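Enquirer:
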């Protein structure tokens, strides 16, 4: 039986051997300490000895910092082929909102979202029902929808804790069609890339060709998606140029050779390991170099396809062909997967053409990915697929830890008088006169969920260190009291790059006049 507790957590690093890196660091540290002891014995001048001791200790402590000054960020991923169904009433268990410590980033990839023509046009104008449900669930818990990208039935969403928003930058998304010879978007891939505290991440949600005999076509589609997707970012124009890449979705790989009886018997007895050797994706890894760069946790959960809807029973209905003949039942398979790749360390004779970071940068800013959970949630029955959940810890040293802009709400704010805010650009970035500053109520759902907004300096881009004053009309302010933040939205980075501390807007005298609060006379509400 496959017991999750008996299997070590999946772990990967940004170098080929983390052990050798830490061993090398310890050896260098010992050398510095040996130099310190030698200089104490050999140097005759106290001043010279003190200078050498100080320099050597500085180097030693710097080395310690390079290998220990890391933070851990929790990533929660979901992939689910929803089979054109409407979302369930509650997705809290899918998002595991009660876990501690809390998740930092949510990345959710859906396939076969209802894309009927009238519905699809409506979803382009307004938020689709899945996006609305996820925002309604996550926003009260302090998460903001950073971005989303949709191609017909494929949908990819990114949510983050509010505290991380100023450090999620350079967001770009793209998509690739592979259905009907590349002309139709029912199959293909959608991706989002961004910088997270200076580290470059990319998430690729795919829905590949179906059916048992199309494994090679699935591989061709994956390589085609990697070849055709590009970003307007100089150092990461391709998916595989990013430090961390997640490839997930309904990849549609099946379990070959085994008959239905053996499959179901192995699943019912929890002996999933008997099926791993015939999993098409696992088998193709042996011969496909690109797949060998990707990692995946052990498949210690039920195959996620194909179930009868609203049940935990595999396909029992008789399938009918185009002309009404009875077809075969679908064999269970791990069609829904989450894989990841840490960019290999560059070698001197690398001729791949990929943009790579200098070796010193790689050594100082190592990234470790630890998978804590890889499972499916069989309780959801709206689709013939079960959702797959992957939770990870991203351990890294921040490359960036200061915001690009500071924002301040000056004085007391209420709708009884115009309000004043100031902003200052701290570091050079691609600022624009199309940037704007939004007023957000605490619990806001996305950058577009502002109460009001004001354009930044409209005659020219502000200089570094310049304090710029912006006035917001009292007529634009809320009448009732509440907690709010200001956010600076960069049109070029497509993200909120600064948030001010939470402040309170006071209740306006106009609130009572307009009947928004009851009038109190002698202790009684009128």
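In our numbering, the protein residues as written are 92 to 617.
All residues carry an ideal CB built from backbone N, CA and C; glycine is no exception.
Every value quoted in this text rests on a predicted model; they were computed, and no experiment measured them.
#1: Classify residue 378: buried if its beta carbon has 16 or more other beta carbons within 10 angstroms, exposed otherwise.
#2: Starting from residue 260 and walking both ways along the beta strand (DSSP E), at which residues does that stretch end?
#3: Could you tell me the alpha carbon to alpha carbon distance between residue 301 and residue 381, rounded to whole angstroms?
#4: Rounded to whole angstroms, how far is the Cβ of residue 545 from the Cβ of residue 527, which I believe are closer than 8 Å?
#5: Would you decide whether residue 556 is buried or exposed? Buried here means 16 or more other CB atoms lie within 10 Å of its CB.
#6: Report, in whole angstroms, the separation of the C-beta atoms of residue 510 and residue 570, which I expect to be a contact under 8 Å.
#7: Measure the alpha-carbon distance for residue 228 versus residue 183 and round it to whole angstroms.
#8: Does the pairing of the region 419 to 430 with the region 170 to 186 give three or more beta-carbon distances under 8 Å?
#9: Do you know whose CA, among 199, 309, 584, lies nearest residue 323's CA?
#10: In three-state DSSP terms, what is residue 239?
#11: Is there contact here, the region 511 to 520 with the region 309 to 317, by at least three beta-carbon pairs under 8 Å?
#12: Identify the residues that DSSP records as bridge partners of residue 341: which are they?
#13: Taking the alpha-carbon of residue 240 as reference, which of 294, 472, 384 has the nearest alpha-carbon?
#14: Considering only their Cβ atoms, is the gap separating residue 590 from residue 573 smaller than 7 Å?
#15: Please identify the residue among 204, 321, 185, 268 whose C-alpha is closest to the C-alpha of residue 244.
#16: Going by DSSP, what residues sit across from residue 561 in a beta bridge?
#17: Given a cut-off of 7 Å on the beta-carbon distance, is the pair residue 384 and residue 103 in contact?
#18: Verify whether the separation of the beta carbon atoms of residue 291 and residue 333 is less than 7 Å.
#19: So is residue 231 buried or exposed if we call it buried at 16+ other beta carbons inside 10 Å?
#20: Do residue 486 and residue 163 have their CB atoms nearer than 7 Å?
#21: Would you mind reading off the limits of the beta strand (DSSP E) that contains residue 395?
#22: Determine the extent of the beta strand (DSSP E) in which residue 308 is found, giving its start and end residues.
#23: Within the continuous beta strand (DSSP E) that includes residue 362, where are the two ends?
#24: Determine the direct distance from the alpha carbon of residue 264 to that of residue 219, and round the result to whole angstroms.
#25: Check for me: the beta strand (DSSP E) holding residue 165 runs from which residue to which?
#26: Taking the alpha helix (DSSP H) that residue 467 belongs to, which residues open and close that run?
#27: Going by alpha carbons, who is nearest to residue 395 out of 375, 376, 421?
#28: Return the residue from the list 260, 562, 237, 531 that minimises the CA-CA distance to residue 512.
#29: Along the chain, where does the beta strand (DSSP E) that runs through residue 588 open and close?
#30: May I ask which residues mark the beginning and end of the alpha helix (DSSP H) holding residue 371?
#31: Rounding to the nearest angstrom, what Cα-Cα distance links residue 390 and residue 363 in this structure?
#32: Tell me the residue span of the beta strand (DSSP E) that contains residue 480.
#33: Span of the beta strand (DSSP E) holding residue 550?
#34: Along the chain, where does the alpha helix (DSSP H) containing residue 383 start, and where does it finish?
#35: Within 10 Å of its beta-carbon, does residue 613 have 16 or more other beta-carbons around it, so buried, or fewer, so exposed?
#36: Please list, in chain order, all residues of the same chain as residue 458 whose beta carbon is under 8 Å from its beta carbon, the five residues on each side excluded.
Expert: Taking the geometry as given:
#1: exposed
#2: 259 to 270
#3: 21 Å
#4: 7 Å
#5: Around the Cβ of residue 556, a 10 Å sphere holds fewer than 16 other Cβ atoms; the residue is exposed.
#6: Going by Cβ atoms, the distance from residue 510 to residue 570 rounds to 13 Å, so no, they are not a contact pair.
#7: 7 Å
#8: yes
#9: 584
#10: strand
#11: no
#12: Per DSSP, 298, 427.
#13: 294
#14: Not a contact, by the Cβ cut-off of 7 Å.
#15: 204
#16: Looking at the DSSP output, residue 561 bridges to 512.
#17: Not in contact: residue 384 and residue 103 (Cβ atoms no closer than 7 Å).
#18: yes
#19: exposed
#20: Taking C-beta atoms as the reference points, residue 486 and residue 163 count as a pair closer than 7 Å.
#21: Careful: residue 395 lies outside any beta strand (DSSP E) and carries neither H nor E.
#22: No beta strand (DSSP E) contains residue 308, which is instead part of the alpha helix (DSSP H) from 306 to 319.
#23: Neither: residue 362 is in no beta strand (DSSP E) and is coded neither H nor E.
#24: Taking the straight line from one Cα to the other gives about 18 Å.
#25: Residue 165 -> beta strand (DSSP E) spans 162 to 172.
#26: Note, residue 467: premise wrong, no alpha helix (DSSP H); beta strand (DSSP E) at 458 to 467.
#27: 421
#28: 562
#29: 586 to 590
#30: Where residue 371 is concerned, the enclosing alpha helix (DSSP H) stretches over 371 to 376.
#31: 7 Å
#32: 479 to 487
#33: Taken as a continuous stretch (DSSP letters only), residue 550 belongs to no beta strand (DSSP E), as it is neither H nor E.
#34: 380 to 383
#35: Low confidence applies here, because residue 613 scores a pLDDT of 44, under 50, leaving its location unreliable and the question unanswered by this model.
#36: 104, 105, 290, 334, 335, 433, 485, 486, 487
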